[in-house]
Each structure stands twice: as C-alpha cells, then as structure tokens.
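Note sheet for the following structure.
Residue numbers (our numbering): 739 to 1230.
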C-alpha cells in the first residue's frame, strides 16, 4: 500500500507542489515568482475610504486594487476610542475606522477576479503546532482533536506555558499538536513571541501601504501545514531547494528530514504518477468515470455546478442500480476534483435522480466521507426537492482554472461564438444600411475565412440578390486576424 507523497517541481519562475495519495494526484499548489499568493501576509495599511452603506472600508496596502475590510473583521484593538463594553456590539464602520488612519492588517483572501484582497485586523501568526493571536489571551483548540483527555491536556499545558513565558497573547492549538510533547509546544510559544515582536518593530518603522511580514514560501509552508499527515516521501527536483527544505525541516519538523530526497531523474518529476496529465484533465469540463459515466464541471461567477451522467454505463441489474452505482462513483470523483481544481464558494451537484431514500442517504454519506480528507472546510446540505445537493467549500486561493487560464479572446468567456450564418445575415443588414446612407461605387467586405467561404458558397444566391437590389458590386476579402464575429463593410 502506497502512502502520501509530495512532489516539488521548482524553477526560478514557478514552484509547483503536488500531493499524491496512493499514486493519485489529489492536490496541486503553485506559486509564481511574479504573483505570489498574499494570504497570511501582514501589511501596514491606510484606510482610503469608509463605506457606511456596506459597513466596510477600503484599505490601501500597496497593491493595484484597494483591499476590502468588513466591520466584522475589525478587532477590538482598532477600536481604542470606544469604551470596552461597546466594542463587543456590532459597531458601524464609521465609528471603528476613519479615512487616513494607519492600521495593521492581514490578508485572509487573495484578490480574486475583479475583487481586491479581503483583510482582517484579527492578526494570526502560525507556527508548526500553534497559531498566535496577539489580540486576546484565550486558548482555542482545533476541532479535529476529538479526544477530551487530549484537549484538556493541551489546554492546561498552554495555560501553564502562557504563565511561564509570561506572554499576554492567545493561541490556537493546531491539529498537528495532538500528542505533541510539552517541550515542542514551549519552543513554538517562544518562537511565535519573538516573531510577533519582530513584526511589531517592522510595522512601526514601515510606511503605510507596505508589507510587514510575508508568509513562508510555498515549499516551506507546505511542510509546516502538512505536519500530522503521514508522509512517505518528499521528492524535490532542485538541489538548492532540497537544502533549504532540509534546513527548515531540521528546525521545525525533524521527523521529516529522512524523507526529503533529491529527484535527479531524467524524466521531469511531474511525469511520475502522470501528474502533468492529471493537471491537463483538471482544466477540462468533462471528467470521465471508470464505469463509463461522466461529470461536467461549469465554473460561473456565482457558483460551480456539477452535472452527473450515466453515459455509456449500462448496469447489470436494473436502471436504479446503475444510477446508484454511478452516483456513488461520482461522489468520490467530485471530492477529489474539488481539491484538485481548488473550487470554492457555492457548489451545486446534480446527481442523477434516485427514487430510493436509502440510496440518496448512502450517496450523501459517501460524499461527506470523501470530503473529510479535504483541508478546506466544507458544508454539505441534504438533497433538495429538485434532487440537487448544495454545498460550500472555503475559498482562499484562486481556482486552478483561474490560476492557469484566462478568458478566451474570441468568445470573451461566453463559451460560444455567433455562427457564420448569423454573421452573414448581420452583414447583409449592415450593407443595406450603408448603401442607403452613403454614395459608394463599390463595397469591400472584410471578414473571417469561415464567413467568406459561406458567402461565396451556400449564400452566393443571396449575395447576388443583394447586389442587384443595391445596384453596386460587393467584393469580399478574407482577414485572417478577424474572429468569426468580426467584419467590416468599407465604402470605395
């Protein structure tokens, strides 16, 4: 039985990290030198506009688009002019912030599409086992640590460490801290305390609109966040990165040091386990299922929809059995594709209609179970009266499609273009309009190859009729750079 492996493909321009479970690509993270993700970065920002109508403010953090800060993300620290008891209520944004004010903010969502980054002033700084919360003194424990005895042990340990190190900050205990020795937790508390002091010093000296602290680069961040996952191997195709990752591991994740290895292979590292091929597939609308059924993924502005079809799958017993089997297989494939494509926000799954309630229950349970391995938080609702399953998945980064692709310049993201026939008839109308309006000896029509072909072939009779009607000759010229929808009518 193969375990979980991490493959790192590093070039000066781009770092790609693949998470492979039992030989199957489950997740892909990428970071480009020109566009590093901003989540977790801390900035000294300046409030540029306060918007009472939206209960939010725009903050300049030095990016091309102003970032967005909602009133609910403004921590009490920023509310110093208010009496303490008032800060707990929902205060309107204009009482919390004023234009021109400098504040320390952290990015919680990368700029997505046309939206600026989303900010919070509830700053958190993560380490291997803990997350530092400078704004308060409470101790929270990850809900994934389920054993009551372990939760109690961690809580008392952290309280004791708070007193010992004399820190006035709160901490969240990460899932990785389960069964962690006291010494390791203490090292983390000291490390985070020092780091936060450094961040504060940098913030004091920084100009508004500048970065104060950047989260670790992807190669190191992945190691920090994967603690607690049973990793078999970490293979890296760059000697320099192996060195850097090993140094980081020696200090923070010593148990992983022996599993880090340099991949010197002739074949590119992403050819192992067909990772490159899987990435290409993850950009397609259609996902084939082993049984012959298939899924169709459509990403829109508001939500992602997933449609399931039986396709070529013909069950052995009866239709209901065929549908049930296809839906079960689809549930597994969907969970994997959501992670791989990094789809977030609202997701609507249109399973094939099932008549038996027990089948519906099992398919839903199967989807929930498959989603448990996902690091992004998700919430799944029951099957709706229309047979749809609504779910949400936490989105922090752009989806794979948005990271790797851009809208088609020909159709501008519509997914279709006007047919050559439609363009011909539009052109006829334009010719009539211009012939009536202007006095021309001849008309020259510039259009794409497909449209000109149609005009000279199937529509040649219509063109002859039109020439006779307007009484002037029409010449056609192919313009190779025109898209199918573009044409020009020139008067000569």
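Ideal Cβ positions, reconstructed from N, Cα and C, are used throughout, including at glycine.
Other residues of its chain near residue i: CB distance less than 6 Å, five sequence neighbours each side excluded
i, result
"residue 882", "913"
"residue 745", "756, 973 and 1007"
"residue 1184", "1215, 1217 and 1226"
"residue 941", "782, 842 and 950"
"residue 994", "987"
"residue 1043", "1036 and 1086"
"residue 858", "811, 844 and 846"
"residue 862", "869 and 871"
Counterpart residues of residue i in DSSP-defined beta bridges
i, result
"residue 908", "871"
"residue 864", "869"
"residue 1127", "1087 and 1121"
"residue 760", "Answer is none; residue 760 lacks a bridge partner."
"residue 747", "754"
"residue 901", "According to DSSP, residue 901 bridges with nothing at all."
"residue 857", "807 and 845"
"residue 1037", "1042"
"residue 1214", "1183"
"residue 1228", "1182"
"residue 1032", "1026 and 1047"
"residue 1072", "For residue 1072, which the question treats as bridged, DSSP gives no partner whatsoever."
"residue 886", "The partner list for residue 886 (beta bridge, DSSP) is empty, contrary to what the question assumes."
"residue 877", "909"
"residue 742", "759 and 969"
"residue 1116", "1131"
"residue 840", "784"
Residue i burial status per 10 Å Cβ neighbour count (16 or more: buried)
i, result
"residue 758", "buried"
"residue 871", "buried"
"residue 1186", "buried"
"residue 953", "buried"
"residue 748", "buried"
"residue 920", "exposed"
"residue 906", "exposed"
"residue 1211", "exposed"
"residue 1167", "exposed"
"residue 751", "exposed"
"residue 790", "exposed"
"residue 763", "buried"
"residue 1207", "exposed"
"residue 1089", "buried"
"residue 1077", "buried"
"residue 1005", "exposed"
"residue 772", "exposed"
"residue 1150", "exposed"
"residue 1003", "exposed"
"residue 1063", "buried"
"residue 1198", "exposed"
Beta-carbon proximity list for residue i, same chain, < 8 Å, skipping 5 on both sides
i, result
"residue 982", "957 and 958"
"residue 835", "785, 788, 795, 807, 812, 816 and 841"
"residue 1091", "1061 and 1125"
"residue 1172", "1178, 1181, 1227 and 1229"
"residue 970", "740, 741, 742, 743 and 997"
"residue 1106", "1118"
"residue 1066", "1100, 1101 and 1104"
"residue 1073", "1105, 1108, 1109, 1111 and 1112"
"residue 931", "870, 903, 905 and 907"
Proximal residues to residue i (C-beta, below 7 Å), its chain only, five neighbours per side dropped
i, result
"residue 1203", "none"
"residue 802", "none"
"residue 1193", "1162, 1201 and 1214"
"residue 977", "1000"
"residue 1093", "1058"
"residue 1121", "1098, 1102 and 1127"
Among the options, nearest to residue i - alpha-carbon criterion
i, options, result
"residue 838", "1208, 992, 946 and 1199", "946"
"residue 1019", "1129, 1064, 1079 and 979", "1079"
"residue 938", "780, 1146 and 1152", "780"
"residue 1123", "1115, 1130 and 1098", "1098"
"residue 984", "1005, 961, 968 and 1190", "961"
"residue 988", "866, 884 and 1014", "866"
"residue 1083", "1077, 1205 and 1133", "1133"
"residue 1131", "1141, 1145 and 1114", "1114"
"residue 1129", "1176, 1195, 1041 and 1150", "1041"
"residue 1112", "876, 967 and 868", "967"
"residue 1248", "891, 1116 and 851", "Summary: the structure shown does not reach residue 1248, with the chain confined to residues 739 through 1230, and so no result is reported for it."
"residue 809", "928, 1137, 860 and 798", "860"
Minimum Cβ-Cβ distance from residue i to chain B less than 9 Å
i, result
"residue 1112", "The structure shown contains no chain B; it is built from a single protein chain."
Could I get the ranges of all uninterrupted alpha helix (DSSP H) runs contained in the stretch 1133 to 1165, with 4 residues as the minimum, in chain order?
1138 to 1142
Entirely enclosed beta strand (DSSP E) segments - the stretch 924 to 968, minimum 3 residues
948 to 951
Quick one: which unbroken beta strand (DSSP E) runs of 3-plus residues sit fully inside the stretch 967 to 1029? Chain order, please.
969 to 974, 998 to 1000 and 1024 to 1026
Segments of 3+ residues assigned as beta strand (DSSP E) that fall wholly inside the stretch 761 to 804
762 to 770, 780 to 789 and 794 to 798
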